[in-house]
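From first to last, the protein sequence lines stand for chains X and V. According to the UniProt record's numbering, the residues represented by the first sequence are 1 to 333, in order. According to the UniProt record's numbering, the residues represented by the second sequence are 1 to 333, in order. The structure appears right after this line, and notes come after that.
Protein chains: 2
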Amino acid sequence: MLIKDLGEIRLINRIQRIIKNRDKYNHILSDNLLVGIGDDAAVWKASECIQVATTDTMVEGIHFNKGTIPFRDVGWKAISSNLSDVAAMGGKPLYALINLGLRPETPVNDIDELYAGFLDACIEYNLQIIGGNLVSSPTTFIAIQITGESTHAPMLRSNAKPLDQIGIIGWIGSSKGGFELISHPRVITSTKAKQQLLNAHLHPIPRLNEGNILIDNGVSAAMDISDGLLTDLHKFCEASRVSAKIDGCKLPIEKALINVFPDNYMDYALNGGEDYALMFSTSPKIMEHLKRIVPAPISIIGNVEDGPIGEVIIIDKLRNHILTASSGWDHYK
Amino acid sequence: MLIKDLGEIRLINRIQRIIKNRDKYNHILSDNLLVGIGDDAAVWKASECIQVATTDTMVEGIHFNKGTIPFRDVGWKAISSNLSDVAAMGGKPLYALINLGLRPETPVNDIDELYAGFLDACIEYNLQIIGGNLVSSPTTFIAIQITGESTHAPMLRSNAKPLDQIGIIGWIGSSKGGFELISHPRVITSTKAKQQLLNAHLHPIPRLNEGNILIDNGVSAAMDISDGLLTDLHKFCEASRVSAKIDGCKLPIEKALINVFPDNYMDYALNGGEDYALMFSTSPKIMEHLKRIVPAPISIIGNVEDGPIGEVIIIDKLRNHILTASSGWDHYK
Chain X
1 MLIKDLGEIR LINRIQRIIK NRDKYNHILS DNLLVGIGDD AAVWKASECI
51 QVATTDTMVE GIHFNKGTIP FRDVGWKAIS SNLSDVAAMG GKPLYALINL
101 GLRPETPVND IDELYAGFLD ACIEYNLQII GGNLVSSPTT FIAIQITGES
151 THAPMLRSNA KPLDQIGIIG WIGSSKGGFE LISHPRVITS TKAKQQLLNA
201 HLHPIPRLNE GNILIDNGVS AAMDISDGLL TDLHKFCEAS RVSAKIDGCK
251 LPIEKALINV FPDNYMDYAL NGGEDYALMF STSPKIMEHL KRIVPAPISI
301 IGNVEDGPIG EVIIIDKLRN HILTASSGWD HYK
Chain V
1 MLIKDLGEIR LINRIQRIIK NRDKYNHILS DNLLVGIGDD AAVWKASECI
51 QVATTDTMVE GIHFNKGTIP FRDVGWKAIS SNLSDVAAMG GKPLYALINL
101 GLRPETPVND IDELYAGFLD ACIEYNLQII GGNLVSSPTT FIAIQITGES
151 THAPMLRSNA KPLDQIGIIG WIGSSKGGFE LISHPRVITS TKAKQQLLNA
201 HLHPIPRLNE GNILIDNGVS AAMDISDGLL TDLHKFCEAS RVSAKIDGCK
251 LPIEKALINV FPDNYMDYAL NGGEDYALMF STSPKIMEHL KRIVPAPISI
301 IGNVEDGPIG EVIIIDKLRN HILTASSGWD HYK
């Protein structure tokens with residue numbers, strides 16, 4: 001059945017039923033939500049003064065292609081990319097509004113799968129879907145907005161200071177590797193390596209727990225890597241009016257990526273995008289402490305310097321400089 | 001110049017400049033906003049415990065057509081449709097996140113105009129743009145999310161009670177009239193009537209002030225009319241498990257609409273959509289008080305009854321019943 005056969009009201013009812021029938025989801029619902037799906041707006045009782053909000057969008061043909069990525073993964077990813085932004089501020093995500101633009105010819109089953117993916121992420125990270133909007137559109141798109149709270153002043157891109165060390169939690173480049181495997185299925189690779197790279201692309205992990213540990217331990221500068229390390233580090237440095245020197249050998253690159261893409265792994269790591277790794281900078285002392293207490297590995301990739309604003313220098317094995325301008329993912333080029 | 005020639009970073013800079021250069025907008029900025037545009041997420045200090053959030057989307061080819069509606073009006077309308085939802089909850093809007101899906105071939109000037117429209121509405125209603133997202137898309141779309149606060153428990157669709165009177169603030173049908181004039185420019189009409197109907201379609205007024213007066217004076221059931229009176233009243237009655245009896249002669253229909261569309265005005269009023277009028281129900285005593293203190297006219301269109309759940313009966317001049325099912329705007333049919 002297609003959604004144009006179902007009609008809007010029955011589609012909304014169906015979505016509400018999908019949500020209601022997901023047992024585990026019902027265990028995470030909070031009493032602070034006063035009005036959820038179904039009224040003009042959602043309403044909740046704030047328990048912390050500091051509110052955090054972010055939004056992110058996925059468009060068919062640009063961020064995903066039907067047929068190559070299961071809708072359940074699209075759902076997971078659409079939520080996770082937003083959660084990654086909340087993680088980078090040190091916040092705790094609570095509520096999601098979901099905007100869907102859907103082609104009338106969309107099979108109803110795709111929506112079931114999409115919501116299954118939304119709910120997977122909601123259950124994993126204690127997030128409630130509180131409302132949204134369904135519209136007809138010639139192009140499928142998913143625009144999600146997440147609100148959360150924080151007990152601390154947020155971690156900012158603009159708080160990096162010279163002498164800070166720069167750390168990354170999570171891998172970079174693997175998502176691009178997974179994307180390439182999907183786009184060129186004939187690349188020869190082991191099943192395990194393939195699975196690792198596909199997972200990085202289809203099922204990214206927002207670093208929420210890690211973000212909370214960082215902020216609790218005095219980190220004040222952080223950003224998630226969504227447009228590629230170079231682009232995002234350039235933005236980070238520009239916001240903080242500093243420069244960065246990075247050791248290319250220290251980048252957190254999975255062996256699977258190096259094995260499958262021996263000629264391109266460094267390009268993917270620097271410019272790949274959609275990694276949703278957590279980048280931050282802090283004093284060597286705090287960094288040392290964090291390396292002991294954060295469960296996930298932290299890669300110290302280089303240092304913040306008092307150089308030309310926004311400049312990012314990558315040093316290779318031979319200590320050659322590769323000077324970089326912003327060269328990551330431009331949404332319009 | 002097209003946005004693909006400008007690139008993402010320069011487009012973002014341009015948007016930030018447009019916002020910064022709008023003098024009047026800078027006067028409404030609040031100290032409670034801790035982090036605005038430019039970081040991973042926006043952050044603010046809540047001043048009331050009750051937070052209200054809503055989202056709405058406009059898609060090119062579905063909700064507006066380039067060439068027939070100026071982008072400045074699209075901007076106003078995209079913000080106002082969200083504000084109307086906040087008004088219907090009795091909330092005070094504060095912050096907006098703006099998601100744009102843009103074709104790479106979009107002229108940069110269109111974006112300037114769109115933001116001019118956003119800012120017109122922001123200045124009028126004290127709303128701050130705190131962030132958003134730009135993505136490339138084959139179809140232009142605008143997904144906006146607005147967060148606000150409230151000092152009261154919200155007005156709900158589900159709070160209507162038998163014996164309540166049903167009131168409307170604002171006109172119904174005029175927006176559909178304006179849409180028809182745009183779609184069929186040869187309809188003969190006076191300049192003044194035309195302007196009134198076009199205004200209703202292009203420049204709808206969210207009833208924020210009125211929503212606040214209603215909630216302050218004890219109204220607990222309200223909803224905005226965005227999908228047509230019949231559809232929305234049906235939803236309202238269903239949520240409250242009541243029925244409604246409406247006097248067709250009491251509907252707030254502008255003379256201009258009747259004059260220009262003598263054969264269709266009642267259909268437009270009942271099923272038109274995009275009116276953004278404020279519908280509510282309350283006791284006759286409160287209604288009488290409200291008629292004295294609300295500056296805008298209130299039309300009492302009928303009563304809530306203890307009939308079949310969701311049923312809406314319209315009585316015409318001869319007191320004939322027109323029984324109605326939900327028959328307004330279905331986004332997928």
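Every residue gets a Cβ at the ideal spot worked out from N, C-alpha and C, and that includes glycine. Just so you know, these numbers come straight off a predicted model, no measurement behind them.
Note to self: Can you check which of these residues, V:Ile169, V:Pro138, V:Trp76, is closest to Thr106 of chain V by C-alpha distance?
What the structure shows: Locating residue 106 of chain V in the second sequence gives position 106, where the first residue counts as 1. Ranked by how close their Cα comes to the Cα of Thr106 of chain V, the residues V:Ile169, V:Pro138, V:Trp76 have V:Pro138 in first place.
Margin query: Quick check: does the Cβ of Gly91 of chain V come within less than 7 Å of any heavy atom belonging to the ligand ADP?
Written below: The ligand ADP is absent from the structure shown, which contains no ligand whatsoever.
Notebook entry, point to check: For Phe280 of chain V, which of helix, strand or coil comes out of DSSP?
Noted result: Locating residue 280 of chain V in the second sequence gives position 280, where the first residue counts as 1. DSSP places Phe280 of chain V in strand when its eight states are reduced to three.
Next item on the list: Just grab the DSSP bridge partners of Phe141 of chain X for me.
Entry: For this step, residue 141 of chain X is matched to residue 141 along the first sequence. In the DSSP assignment, Phe141 of chain X is bridged to X:Val59, X:Gly101.
Next item on the list: Starting from Phe179 of chain X, find everything on chain V with Cβ-Cβ shorter than 9 Å and list it in chain order.
Entry: One-based indexing of the first sequence puts residue 179 of chain X at position 179. Chain V residues near Phe179 of chain X: none, gap ~16 Å exceeds 9 Å.
Next item on the list: Could you have a look at Asp227 of chain X and say whether DSSP puts it in helix, strand or coil?
Entry: In the first sequence, the residue the question calls residue 227 of chain X occupies position 227. Correct three-state label for Asp227 of chain X: coil.
Margin query: For Phe261 of chain X and Asn217 of chain X, I'd like the C-alpha separation in whole angstroms.
Written below: In the first sequence, counting from the first residue as 1, residue 261 of chain X sits at position 261. In the first sequence, counting from the first residue as 1, residue 217 of chain X sits at position 217. Here the alpha carbon of Phe261 of chain X sits roughly 37 Å from the alpha carbon of Asn217 of chain X.
Item checked: Cβ shell of Tyr268 of chain X (< 7 Å), same chain only, five flanking positions each side left out -> Position 268 of the first sequence, counting from 1, holds the residue named residue 268 of chain X. So the list reads Gly173, Lys176, Gly177, Leu257, Phe261, once near-sequence residues are dropped.
Notebook entry, point to check: For a contact meaning CB atoms closer than 8 Å, what does Cys49 of chain V contact in chain X?
Noted result: Residue numbering aside, residue 49 of chain V sits at position 49 when the second sequence is read from its first letter. Per Cβ cutoff of 8 Å: Lys45, Ala46.
Item checked: Min CB distance Thr191 of chain V to chain X below 8 Å -> As a first step, residue 191 of chain V must be located in the second sequence, where it is residue number 191. Not closer than 8 Å to any Cβ of chain X, the Cβ of Thr191 of chain V fails to qualify, so no.
Note to self: Is there a Cβ of chain X sitting closer than 8 Å to that of Arg157 of chain V, yes or no?
What the structure shows: Here residue 157 of chain V refers to the residue found at position 157 of the second sequence. Among the residues facing chain X, Arg157 of chain V is included, as its CB has a counterpart in that chain under 8 Å away.
Check: Among V:Arg207, V:Lys192, V:Glu48, which has the Cα closest to the Cα of Trp171 of chain V?
Finding: Counted from its first residue, the second sequence places residue 171 of chain V at position 171. Relative to Trp171 of chain V, the option among V:Arg207, V:Lys192, V:Glu48 whose CA is nearest is V:Arg207.
Check: Quick one: does Ile111 of chain V have its CB under 8 Å from some CB of chain X?
Finding: Counting from one through the second sequence, the residue named residue 111 of chain V turns up at place 111. Chain X contact via Cβ: absent.
Notebook entry, point to check: Should Asp110 of chain X be labelled buried (16 or more other beta-carbon atoms within 10 Å of its own) or exposed?
Noted result: Numbered from its first residue, the first sequence carries residue 110 of chain X at position 110. In the assembly as shown, Asp110 of chain X is a buried residue. Its beta-carbon has 16 or more other beta-carbons within 10 Å.
Note to self: Using the Cβ count rule (16 or more neighbours within 10 Å means buried), how would you classify Arg292 of chain V?
What the structure shows: Residue numbering aside, residue 292 of chain V sits at position 292 when the second sequence is read from its first letter. So Arg292 of chain V ends up on the exposed side.
Check: Are the CB atoms of Asp73 of chain V and Gly117 of chain V nearer to each other than 8 Å?
Finding: Residue numbering aside, residue 73 of chain V sits at position 73 when the second sequence is read from its first letter. Residue numbering aside, residue 117 of chain V sits at position 117 when the second sequence is read from its first letter. Their beta carbons are under 8 Å apart, which means Asp73 of chain V touches Gly117 of chain V by this criterion.
Next item on the list: Pick helix, strand or coil for residue 355 of chain V, following the three-state DSSP scheme.
Entry: Chain V is shown from 1 up to 333; residue 355 of chain V falls before or after that span and cannot be answered.
Check: Given a limit of 8 Å on CB to CB distance, which residues of the segment 244-276 of chain X reach chain V?
Finding: Cβ proximity to chain V below 8 Å picks out nothing from the segment 244-276 of chain X.
Check: What three-state label does DSSP hand Lys161 of chain V in the structure shown?
Finding: In the second sequence, residue 161 of chain V corresponds to position 161, counting from 1. The three-state secondary structure of Lys161 of chain V, taken from DSSP, is coil.
Notebook entry, point to check: Taking Cβ-Cβ distances shorter than 8 Å, what residues in chain V pair up with Phe280 of chain X?
Noted result: The sequence position of residue 280 of chain X within the first sequence is 280, counting from 1. Around Phe280 of chain X, no beta-carbon contact reaches into chain V at under 8 Å, the shortest distance being about 11 Å.
Next item on the list: Note down, one range per segment and in chain order, each alpha helix (DSSP H) of at least 4 residues found wholly within the segment 5-76 of chain X.
Entry: Those alpha helix (DSSP H) runs which fall completely within the segment 5-76 of chain X and span 4+ residues are 8-21, 23-26.
Next item on the list: Quick one: list the residues of chain V neighbouring Phe141 of chain X, beta-carbon separation under 7 Å, in chain order.
Entry: Residue mapping note: residue 141 of chain X aligns to position 141 of the first sequence, counting from 1. Under the 7 Å cutoff, chain V gives Gly101, Ser137, Phe141.
Checklist line | Same chain only: Cβ atoms within 6 Å of Ala121 of chain X, ignoring 5 sequence neighbours per side | finding: Counting from one through the first sequence, the residue named residue 121 of chain X turns up at place 121. Result list for Ala121 of chain X: Trp76, Ile79, Ser80, in chain order.
Note to self: Once the 5 residues before and after Leu229 of chain V are set aside, which same chain residues still bring their CB inside 7 Å of it?
What the structure shows: To locate residue 229 of chain V, count along the second sequence from 1; it is residue 229. Excluding positions up to five away in sequence, the list reads Ile172, Ala269, Leu270.
Checklist line | Any chain X beta carbon closer than 8 Å to Met1 of chain V | finding: One-based indexing of the second sequence puts residue 1 of chain V at position 1. Not flagged as an interface residue toward chain X: Met1 of chain V, since no C-beta distance is shorter than 8 Å.
Item checked: Sequence-distant residues of its chain with Cβ nearer than 6 Å to residue 334 of chain V (five each side left out) -> Coverage of chain V is limited to positions 1 through 333, which leaves residue 334 of chain V absent and any answer about it impossible.
Note to self: So residue 334 of chain V and Leu156 of chain V are supposed to be a Cβ contact under 8 Å. How far apart are they, rounded?
What the structure shows: This structure gives no information on residue 334 of chain V, because the portion of chain V shown stretches from 1 to 333.
Margin query: Give me the residue from X:Asn209, X:Gln165, X:Asn26, X:Val135 with the minimum Cα distance to Gln128 of chain X.
Written below: Taking the first residue of the first sequence as 1, we reach residue 128 of chain X at position 128. Ranking X:Asn209, X:Gln165, X:Asn26, X:Val135 by Cα distance to Gln128 of chain X puts X:Asn26 first.
Item checked: Endpoints, the alpha helix (DSSP H) within which Gly302 of chain V is located -> Position 302 of the second sequence, counting from 1, holds the residue named residue 302 of chain V. Not the alpha helix (DSSP H): Gly302 of chain V falls in the beta strand (DSSP E), residues 298-305.
Check: CA-CA distance, Pro252 of chain X and Lys235 of chain X?
Finding: Along the first sequence, read from residue 1 onward, the residue named residue 252 of chain X stands at position 252. Along the first sequence, read from residue 1 onward, the residue named residue 235 of chain X stands at position 235. Here the C-alpha atom of Pro252 of chain X lies approximately 20 Å from the C-alpha atom of Lys235 of chain X.
Next item on the list: Quick one: using the 10 Å Cβ neighbour count with 16 as the cut-off for buried, is Glu288 of chain X buried or exposed?
Entry: Here residue 288 of chain X corresponds to residue number 288 of the first sequence, with the count starting at 1. Looking at its Cβ environment, which holds fewer than 16 other Cβ atoms inside 10 Å, Glu288 of chain X is exposed.
Note to self: Just verifying my parser: in three-state terms, what is the DSSP assignment at Asn133 of chain X?
What the structure shows: Position 133 of the first sequence, counted from the first residue, corresponds to residue 133 of chain X. Strand at Asn133 of chain X.
Margin query: Counting only beta-carbon separations shorter than 8 Å, does Gly218 of chain X have a partner in chain V?
Written below: Counting from one through the first sequence, the residue named residue 218 of chain X turns up at place 218. No, no contact with chain V.
Note to self: So that I know if they touch, is there some Cβ in chain V lying closer than 8 Å to that of Leu233 of chain X?
What the structure shows: Within the first sequence, numbered from 1, the residue matching residue 233 of chain X stands at position 233. Put simply, the CB of Leu233 of chain X is far from chain V, with every gap to its CB atoms at 8 Å or more.
Item checked: Bridge partners - Lys92 of chain X, DSSP secondary structure assignment -> The residue given as residue 92 of chain X occupies position 92 in the first sequence. Lys92 of chain X is bridged to X:Glu149.
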